[in-house]
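*Asks:* My structure is below; once you've seen it, I'll send some questions.
2 protein chains.
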Amino acid sequence: MQGYGMRDSLKNLLKQFSDFDEQELDYILSYFKPKSVSKNTILLQEGKISKEFYYIHTGGIRTFFIDKKGYEKTRYIMLDNYIGTTLSSFISQKPSFESIQALEDTDLLIINHQDFYRLIKEIDNWKSFYVKILELAYSYQNRKIESLVTLTAKQRYDQLLNETPVFLQRLSNKVLASYLDIREETLSRLKSK
Amino acid sequence: MQGYGMRDSLKNLLKQFSDFDEQELDYILSYFKPKSVSKNTILLQEGKISKEFYYIHTGGIRTFFIDKKGYEKTRYIMLDNYIGTTLSSFISQKPSFESIQALEDTDLLIINHQDFYRLIKEIDNWKSFYVKILELAYSYQNRKIESLVTLTAKQRYDQLLNETPVFLQRLSNKVLASYLDIREETLSRLKSK
């Protein structure tokens, strides 16, 4: 697969969202800039404004916040070939209550807020792409609330095991427990079964 | 204000979301059908597919679900001049984990799923309207998660008191407590202070 770089991967991903032609994709891609970050790098600090939208080529990032007892809660995890950001602050351009952190050494393509919204005005397919991103993000959030309030710890673990087993292979117990909103001891017990 | 009916109210609301012209508004409004429901009517039962998008002219509705302990949780409340639905199922056209119920005798205008999405293809301003609805819904959800995990019961009550005091006047303690995710006794105690 030499020569088949991250820009082609992003193009292929975007085509799954909307009916882009090659010219549109080249134009859109011209706004994405590459960046490599090492594990644990903070890409966005809580309290700052989210100005970047990410494509993860290889590696992984998470969004997290601190709860009222001082514990980290991981809200969203993006591994290879995921796209996203801490969308709430990206939309409102108000300070984010979440931080973004690299979970591994990570290669990214980044488009900034201004260019992202310029493309919405310029390219109808990009607007359709944005609609799909919002629909998915909304549905994800709703499902997350649903899981947190209707499923037990074991049921949430089983759901993860079925739907995103790669998370179990790639993520530390600390991050995984904070994602499932369970204690690390509980996670270890569930894993050992 | 006689003669200034609910269709005009909806038109004025839509204008706040996108730059509709009168012709577009008349066309869009032709898809909205009026409906009056009495207090406690279930508009959508959990497990059914959400096929309607609501404008509340007068009255109020709520979306709610049942948590793992069997308690009702109110997720979203819409009073006079609000617009919305249980969006997750409306987007996916999969069964809803939430129900929708009238909190009072309520006058609605309703557009169905098929017409709603037809308008997205036909009218760019309606697509922009949909983008804004999704952005607001996403931000609301994110803020709700944030409140639930970072604020105490008292802080959530104070937030409500500042931002939507009308909820305190219009809603029963049962609904309000399930919205704030606190016990009715806690709510009574906070109210009495």
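Those protein sequences? They're chains A and B, same order as listed.
Mapping of the first sequence onto our numbering: position 30 corresponds to residue 30, and the numbering continues sequentially without gaps.
Mapping of the second sequence onto our numbering: position 148 corresponds to residue 148, and the numbering continues sequentially without gaps.
Using N, Cα and C, we set each Cβ at its ideal position, and we do this for glycine too.
1) Let me know the beta strand (DSSP E) ranges lying completely inside the segment 33-88 of chain B, each 3 residues or longer, listed in chain order.
2) Are the segment 92-101 of chain B and the segment 129-149 of chain B touching, with three or more C-beta to C-beta distances below 8 Å?
3) Determine the DSSP secondary structure at isoleucine 28 of chain A, reduced to helix, strand or coil.
4) Against tyrosine 157 of chain A, what residues of chain B qualify as contacts under a CB-to-CB distance less than 8 Å, listed in chain order?
5) Using the Cα positions of leucine 168 of chain B and leucine 176 of chain B, report the straight-line distance between them to the nearest angstrom.
6) From the DSSP secondary-structure annotation, give me the bridge partner or partners of threonine 106 of chain B.
7) Using DSSP with H/G/I as helix, E/B as strand and the rest coil, what is isoleucine 111 of chain A?
8) Taking CB distances under 8 Å as the criterion, tell me whether isoleucine 145 of chain B reaches chain A.
9) What alpha helix (DSSP H) runs, 4 residues minimum, are completely inside the segment 92-163 of chain B?
10) For threonine 152 of chain A, is the classification buried or exposed, using 16 other Cβ atoms within 10 angstroms of its Cβ as the cut-off for buried?
11) Going along the segment 62-82 of chain A in order, which residues come within less than 8 Å of chain B, judged by CB to CB distance?
12) Decide if the segment 58-71 of chain B is in contact with the segment 102-113 of chain B; the criterion is three or more beta carbon pairs, one per stretch, under 8 Å apart.
13) List the residues of chain B whose Cβ lies closer than 9 Å to the Cβ of leucine 108 of chain A, in chain order.
14) Is it buried or exposed, isoleucine 77 of chain A, if we count other Cβ atoms within 10 angstroms and call 16 or more buried?
15) Regarding asparagine 162 of chain A and the ligand MG, is the C-beta to nearest heavy atom distance less than 7 Å?
16) Which residues, taken in chain order from the segment 113-134 of chain A, show a beta carbon closer than 7 Å to some beta carbon of chain B?
17) What do you get for arginine 156 of chain B, buried or exposed, if any count of 16 or more other CB atoms within 10 angstroms of its CB means buried?
18) Within 10 Å of its beta-carbon, does glycine 84 of chain A have 16 or more other beta-carbons around it, so buried, or fewer, so exposed?
19) Leaving out the 5 sequence neighbours to the left and right, which residues in its chain are closer than 7 Å to tyrosine 130 of chain B when beta-carbon positions are compared?
20) How about methionine 1 of chain B: is its C-beta nearer than 8 Å to some C-beta of chain A?
21) Leaving aside the five residues before and after isoleucine 182 of chain B along the sequence, list all residues of the same chain whose C-beta is less than 6 Å from its C-beta, in chain order.
22) What residues from chain A crowd round tyrosine 138 of chain B, counting only those whose CB sits closer than 9 Å?
23) Shortest alpha-carbon distance to aspartate 26 of chain A belongs to which of A:Lys48, A:Lys68, A:Arg7?
24) Determine whether the beta carbon atoms of alanine 102 of chain B and leucine 171 of chain B lie at a separation below 8 Å.
25) Is leucine 194 of chain A close to chain B? Criterion is C-beta to C-beta, closer than 8 Å.
26) Is it true that the CB of isoleucine 49 of chain B sits closer than 8 Å to the CB of serine 89 of chain B?
27) Quick check on DSSP: helix, strand or coil for arginine 189 of chain A?
28) Using a Cβ-Cβ distance cut-off of 8 Å, determine whether phenylalanine 32 of chain A contacts chain B.
29) For phenylalanine 90 of chain A, which of helix, strand or coil comes out of DSSP?
30) With a threshold of 8 Å between beta carbons, is phenylalanine 167 of chain B in contact with chain A?
31) Taking arginine 7 of chain B as part of the alpha helix (DSSP H), name the residues at either end of that continuous run.
32) Just to check my reading of the structure: aspartate 80 of chain A and histidine 57 of chain A have Cβ atoms closer than 8 Å, yes? What is that Cβ distance to the nearest angstrom?
*Replies:* Taking the geometry as given:
1) If only uninterrupted beta strand (DSSP E) runs of at least 3 residues are considered, those enclosed by the segment 33-88 of chain B are 33-37, 42-44, 52-58, 60-66, 72-79.
2) Segments in contact, no.
3) In this structure, DSSP gives isoleucine 28 of chain A a helical state, which the three-state scheme calls helix.
4) Per Cβ cutoff of 8 Å: no residues; tyrosine 157 of chain A is ~14 Å from chain B at best.
5) Straight-line spacing of the CA atoms in leucine 168 of chain B and leucine 176 of chain B works out to 8 Å.
6) In the DSSP output, where bridge partners are listed per residue, threonine 106 of chain B has B:Val37.
7) Looking at isoleucine 111 of chain A - three-state DSSP - the assignment turns out to be strand.
8) Yes - at least one Cβ of chain A is within 8 Å of the one on isoleucine 145 of chain B.
9) Runs found: 113-122, 124-150, 153-163.
10) With fewer than 16 other Cβ atoms inside 10 Å of its own Cβ, threonine 152 of chain A counts as exposed.
11) If the cut-off is 8 Å between Cβ atoms, the segment 62-82 of chain A has Phe65, Ile66, Asp67, Lys68, Lys73, Arg75 near chain B.
12) Because the criterion of three Cβ pairs below 8 Å is met, the segment 58-71 of chain B and the segment 102-113 of chain B touch.
13) Near leucine 108 of chain A there are no residues of chain B at all, since even the closest Cβ is about 22 Å away, more than 9 Å.
14) With 16 or more other Cβ atoms within 10 Å, it is buried.
15) Absent from the structure shown: the ligand MG. Ligands present: none.
16) Taking 7 Å as the Cβ-Cβ cut-off, the segment 113-134 of chain A approaches chain B at Lys127, Tyr130, Val131, Leu134, given in chain order.
17) Answer is buried; the Cβ neighbour count reaches 16.
18) By the 10 Å Cβ count, glycine 84 of chain A comes out buried.
19) Spatial neighbours of tyrosine 130 of chain B in its own chain (CB-CB distance under 7 Å, excluding positions within 5 residues in sequence) are listed in chain order as Ile120.
20) Residue placement at methionine 1 of chain B is poorly supported in this model, since its pLDDT is 41, which falls under 50; the coordinates still yield a value, given next. Methionine 1 of chain B has a beta carbon lying at 8 Å or more from every beta carbon in chain A.
21) Excluding the 5 residues flanking it on each side, isoleucine 182 of chain B has same chain C-beta neighbours closer than 6 Å at Ala153, in chain order.
22) Those within 9 Å of tyrosine 138 of chain B in chain A are Leu87, Ser88, Ile91, Leu134, Ala137, Tyr138, Gln141.
23) The candidate whose alpha carbon is nearest that of aspartate 26 of chain A is A:Arg7.
24) The Cβ atoms of alanine 102 of chain B and leucine 171 of chain B do not sit closer than 8 Å to each other.
25) Here chain A has residues from 1 to 193 only, and residue 194 of chain A is not among them.
26) It is a contact, given that the beta carbons lie within the stated cut-off.
27) In the structure shown, arginine 189 of chain A sits in a helix (DSSP, three-state: H, G or I).
28) No - not a single Cβ of chain B is within 8 Å of the one on phenylalanine 32 of chain A.
29) In the three-state reduction of the DSSP assignment, phenylalanine 90 of chain A falls in the helix class, which pools H, G and I.
30) False, the Cβ-Cβ gap to chain A never drops below 8 Å.
31) That run of the alpha helix (DSSP H) goes 6-17.
32) Contact holds; Cβ gap of about 7 Å.
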